[in-house]
Amino acid sequence: MTKSFLADTCITPTPLISSDDSTETTPARESVKVVIFGTKTGVNNTILTLYKLGFAQVNEWSPLLPSSNPGEVMSILTRHIVTT
344 MTKSFLADTC ITPTPLISSD DSTETTPARE SVKVVIFGTK TGVNNTILTL YKLGFAQVNE
404 WSPLLPSSNP GEVMSILTRH IVTT
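When you read off a place in the sequence shown, starting at 1, and then add 343, the result is the number in our numbering.
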């Protein structure tokens, strides 16, 4: 005996996202910056260590930038967090 599945094709799926904008709220977002200062080797090693710990991807950090101290560089990571 065969079973027909054509009857199920007329069912309208329930939307997964509500289209009622009046009940949805947009959370406030804030930028937070993490800065590492040090030698090129020190900054790069710290970025790699933080990557291994799952803190941030290596490519999320800025390129090495000169700081105001001679021989010192810095790199900046910007994260956007939800505030309440």
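Every residue, glycine too, gets a C-beta built ideally from N, C-alpha and C.
Item                                                                                                                                                 : Value
Assuming V377 contacts L408 (C-beta within less than 8 Å), just tell me the rounded distance between them.                                           : Going by Cβ atoms, the distance from V377 to L408 rounds to 14 Å, so no, they are not a contact pair.
Grab me the residues of S418's own chain with a C-beta within less than 8 Å of its C-beta, minus the 5 sequence neighbours each way, in chain order. : V378, I379, V386, I390, W404, S405, P406, L407 and L408
At what residues does the alpha helix (DSSP H) containing T384 begin and finish?                                                                     : K383 to K395
Relative to the alpha-carbon of S411, which residue among R422, I424, T382 and L393 has its alpha-carbon at the smallest distance?                   : T382
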